[in-house]
């Protein structure tokens with residue numbers, strides 16, 4: 001049996017996580033009082049009850065009792081009740097945006113107070129839980145379907161999870177550098193298919209463009225060195241407490257060279273235990289601009 005404790009920042013996706021786990025067959029209890037967690041574990045682990053998997057949510061709504069969570073979890077360990085902690089994380093900027101869009105107040109914001117103040121206070125109060133988490137999912141840049149896919153990998157397929165999400169993003173410099181980039185790599189030194197009228201309408205998702213870009217000495221050599229750099233950086237980013245990395249790869253228009261290299265980087269990093277996503281931000285903008 002799996003006993004999952006879902007927690008994290010308000011607005012980071014705990015409700016979606018609980019609904020997803022419930023759909024996956026977990027017996028779910030939202031906002032279970034801290035004082036009842038151990039008793040609930042005793043019932044869940046009772047062989048006569050025959051519960052396969054359980055998920056409970058615990059968050060800032062527990063109020064002052066939240067400070068008792070560590071003692072509760074230690075007590076569970078001593079009594080042989082195994083559990084896993086899933087912590088939902090999200091950037092302050094994105095959380096503020098979500099609260100404004102839903103017109104909700106943050107649980108810790110005073111009436112008519114600033115949302116960001118409530119978020120900062122919450123981070124201070126639940127930081128100790130994040131330190132103990134088995135899984136940390138940062139939903140800042142995740143689509144709902146991607147988030148659900150991550151949950152499925154961990155709690156349904158039982159796949160190994162590296163607590164680190166890597167986003168590979170292609171972009172065009174003429175449309176601006178992505179603001180959330182951690183690493184920005186310029187690949188405008190590679191051969192440009194744009195100047196071939198037959199190749200111009202195609203993108204880096206087409207094999208003929210990929211061959212054009214990579215069939216030069218610099219392409220494969222650059223790719224090897226760049227992957228080596230990224231693989232060196234990842235564990236050091238993790239050591240510093242990061243749980244996501246955005247690698248932005250740019251060319252002039254974000255349609256040919258950057259898409260090709262982004263795809264190559266994505267394919268190589270997929271072999272790691274980390275979650276790897278790919279996003280071609282500007283791949284279709286050239287056609288849209290021309291129509292205008």
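Numbering (the UniProt record's numbering), first residue to last: 1 to 292. Cβ atoms here follow ideal geometry from the backbone N, Cα and C, with glycine treated the same way.
| request: With DSSP collapsed to three states, give me the class of residue 258. | output: Against the chain shown, residue 258 aligns to sequence position 258. The three-state reading of DSSP puts residue 258 in helix, counting H, G and I together.
| How is the alpha helix (DSSP H) around residue 61 delimited, first residue to last? | Sequence index remark: in the chain shown, residue 61 carries index 61 (1-based). Element bounds for residue 61: n/a, residue is neither H nor E.
| query | Is residue 266 helix, strand or coil when you go by DSSP? | reply | Here residue 266 refers to the residue found at position 266 of the chain shown. Helix.
| request: Determine the direct distance from the alpha carbon of residue 99 to that of residue 115, and round the result to whole angstroms. | output: The sequence position of residue 115 within the chain shown is 115, counting from 1. The sequence position of residue 99 within the chain shown is 99, counting from 1. Each residue's Cα considered, the two are about 8 Å apart.
| residue 292 to residue 119 span [Cα, whole Å] | As a first step, residue 292 is located in the chain shown; it is residue number 292 there, counting from the start. As a first step, residue 119 is located in the chain shown; it is residue number 119 there, counting from the start. Because residue 292 sits at a pLDDT of 47, beneath the cut-off of 50, its placement in the model cannot be relied upon, and the point is left open.
| said: Does residue 168 come out as helix, strand or coil in the three-state DSSP assignment? | reply: The count along the chain shown starts at 1 and reaches residue 168 at position 168. Taken through DSSP and simplified to helix, strand or coil, residue 168 comes out as strand.
| query | Are residue 6 and residue 43 touching if we call contact CB-CB under 8 Å? | reply | As a working note, residue 6 is residue 6 in the chain shown. As a working note, residue 43 is residue 43 in the chain shown. Not in contact: residue 6 and residue 43 (Cβ atoms no closer than 8 Å).
| field | Straight-line Cα distance separating residue 272 from residue 83 | value | Sequence index remark: in the chain shown, residue 83 carries index 83 (1-based). Sequence index remark: in the chain shown, residue 272 carries index 272 (1-based). Going by the C-alpha atoms only, they are around 26 Å apart.
| query | What's the C-alpha gap between residue 105 and residue 95? | reply | To locate residue 105, count along the chain shown from 1; it is residue 105. To locate residue 95, count along the chain shown from 1; it is residue 95. Their backbone Cα atoms lie some 11 Å apart in a straight line.
| query | residue 145 lies in the alpha helix (DSSP H); which residues open and close that run? | reply | Within the chain shown, residue 145 is the residue found at index 145, counting from 1. First-last of the alpha helix (DSSP H) with residue 145: 144 to 155.
| Buried or exposed: which applies to residue 102, given that a residue is buried once 16 or more other Cβ atoms fall within 10 Å of its Cβ? | Position 102 of the chain shown, counted from the first residue, corresponds to residue 102. Under a 10 Å Cβ-count criterion, residue 102 is classified as exposed, with fewer than 16 other Cβ atoms of the shown protein chains found around its own Cβ.
| query | For residue 161, which of 241, 86 and 129 has the nearest alpha-carbon? | reply | Within the chain shown, the letter at position 161 stands for residue 161. It is 86.
| field | Own chain partners of residue 29 with C-beta closer than 6 Å, once the 5 adjacent residues on each side are dropped | value | Taking the first residue of the chain shown as 1, we reach residue 29 at position 29. The residues are 56.
| request: Leaving aside the five residues before and after residue 244 along the sequence, list all residues of the same chain whose C-beta is less than 6 Å from its C-beta, in chain order. | output: What you label residue 244 is simply residue 244 of the chain shown in a count that begins at 1. Beyond the five residues adjoining it in sequence on each side, residue 244 comes within less than 6 Å, by CB distance, of 138 and 165 in the same chain, given in chain order.
| Cβ pair residue 122, residue 9 closer than 8 Å | Against the chain shown, residue 122 aligns to sequence position 122. Against the chain shown, residue 9 aligns to sequence position 9. Their beta carbons are under 8 Å apart, which means residue 122 touches residue 9 by this criterion.
| field | Proximal residues to residue 247 (C-beta, below 6 Å), its chain only, five neighbours per side dropped | value | Position 247 of the chain shown, counted from the start, is the residue given in the question as residue 247. If we look at residue 247 and ignore the five residues flanking it on each side, its Cβ neighbours are 168 and 183.
| said: Less than 8 Å between the C-beta atoms of residue 58 and residue 32, yes or no? | reply: For the purposes of this step, residue 58 is taken as the residue at position 58 of the chain shown. For the purposes of this step, residue 32 is taken as the residue at position 32 of the chain shown. The Cβ-Cβ distance between residue 58 and residue 32 falls below 8 Å.
| query | Which full runs of the beta strand (DSSP E) of 3+ residues lie inside the stretch 54 to 99, going along the chain? | reply | Listed in chain order, the complete beta strand (DSSP E) runs (minimum 3 residues) inside the stretch 54 to 99 are 84 to 89.
| task | Give me the Cα-Cα distance between residue 135 and residue 39, rounded to the nearest whole angstrom. | result | Here the question's residue 135 lines up with position 135 in the chain shown. Here the question's residue 39 lines up with position 39 in the chain shown. Taking the straight line joining both Cα atoms gives about 24 Å.
| request: Give me the Cα-Cα distance between residue 27 and residue 45, rounded to the nearest whole angstrom. | output: For this step, residue 27 is matched to residue 27 along the chain shown. For this step, residue 45 is matched to residue 45 along the chain shown. Using only the alpha carbons, I get a separation of about 12 Å.
| query | How about residue 178 and residue 281: do their beta carbons lie closer than 8 Å? | reply | Position 178 of the chain shown, counting from 1, holds the residue named residue 178. Position 281 of the chain shown, counting from 1, holds the residue named residue 281. Residue 178 is a Cβ neighbour of residue 281, given a cutoff of 8 Å.
| What is the rounded straight-line gap between the Cα of residue 253 and the Cα of residue 173? | Taking the first residue of the chain shown as position 1, residue 253 is located at position 253. Taking the first residue of the chain shown as position 1, residue 173 is located at position 173. Pairing residue 253 with residue 173, the inter-Cα distance amounts to about 6 Å.
| request: Provide the residue span of the beta strand (DSSP E) that contains residue 278, from first to last. | output: Numbered from its first residue, the chain shown carries residue 278 at position 278. From DSSP, the beta strand (DSSP E) with residue 278 extends over 275 to 280.
| query | Per DSSP, residue 129 forms a beta bridge with which residues? | reply | Here residue 129 refers to the residue found at position 129 when the chain shown is read from its first residue. In the DSSP output, where bridge partners are listed per residue, residue 129 has none listed.
| task | Report back the beta-carbon spacing between residue 170 and residue 234 to the nearest angstrom; my notes put them in contact at under 8 Å. | result | Locating residue 170 in the chain shown gives position 170, where the first residue counts as 1. Locating residue 234 in the chain shown gives position 234, where the first residue counts as 1. Going by Cβ atoms, the distance from residue 170 to residue 234 rounds to 19 Å, so no, they are not a contact pair.
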